[in-house]
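Trainee:
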Amino acid sequence: MPDPVRIERQGSVATVILDRPSARNAVDPETAERLAAAFLEFERDDSLRVAVLWGAGGTFCAGADLKAVAAGWDPGRLRDPSGEPTDAFARWARPGCGSTSR
Numbered sequence: 014m015p016d017p018v019r020i021e022r023q024g025s026v027a028t029v030i031l032d033r034p035s036a037r038n039a040v041d042p043e044t045a046e047r048l049a050a051a052f053l054e055f056e057r058d059d060s061l062r063v064a065v066l067w068g069a070g071g072t073f074c075a076g077a078d079l080k081a082v083a084a085g086w087d088p089g090r091l092r093d094p095s096g097e098p099t100d101a102f103a104r105w106a107r108p109g110c111g112s113t114s115r
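Residue numbers are given in the working numbering: position 23 of the sequence shown equals residue 36, and the series is strictly consecutive.
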């Protein structure tokens, strides 16, 4: 299965791409973990100045994957790649804004 999140770099801009077209880019546990890892990677790379979150396949994001939620996943209890609880989305997402810059 392809990676649900990938990063493309152009100069100092990182584009973080949601790529789960079969689920309209809905976020499941794997995608949430990959998003957190992608934005941690952005934070650690001093050559990058701006991160843009983009949805592949003509859909930005359908939100949380309801099948995963129905199976017991709680998207409010995210963990970073080390397994520690994280507020990753709160740190990087800004309502009404499609990018985050430093």
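Even for Gly, the Cβ is constructed at its ideal location relative to N, Cα and C.
#1: Counting Cβ pairs closer than 8 Å, one from the segment 71-80 and one from the segment 16-29, do we hit at least three?
#2: Please report the distance separating the alpha-carbon of L61 from that of G24.
#3: Measure the alpha-carbon distance for T44 versus A77 and round it to whole angstroms.
#4: Does the Cβ of R22 have 16 or more other Cβ atoms within 10 Å, making it buried, or fewer, making it exposed?
#5: Can you look up A77 in the DSSP assignment and give me helix, strand or coil?
#6: Go to R22, then tell me how far its beta strand (DSSP E) extends in each direction, as first and last residue.
#7: Considering only DSSP beta bridges, list what T72 is partnered with.
#8: What are the boundary residues of the beta strand (DSSP E) that includes L31?
#9: Please report the Cβ distance between V18 and L48, rounded to the nearest whole angstrom; I am assuming they are in contact, meaning their Cβ atoms lie under 8 Å.
Mentor: According to the data block:
#1: Contact fails: fewer than three Cβ-Cβ distances are below 8 Å.
#2: Approximately 7 Å between the Cα atoms of the pair.
#3: Approximately 10 Å between the Cα atoms of the pair.
#4: With fewer than 16 other Cβ atoms within 10 Å, it is exposed.
#5: The answer is strand: DSSP assigns A77 an E or B state.
#6: Per DSSP, R22 belongs to the beta strand (DSSP E) from 18-23.
#7: DSSP, once it has assigned bridges, lists no residue as partnering T72.
#8: Counting along the chain, the unbroken beta strand (DSSP E) around L31 starts and ends at 26-31.
#9: 5 Å between Cβ atoms; contact.
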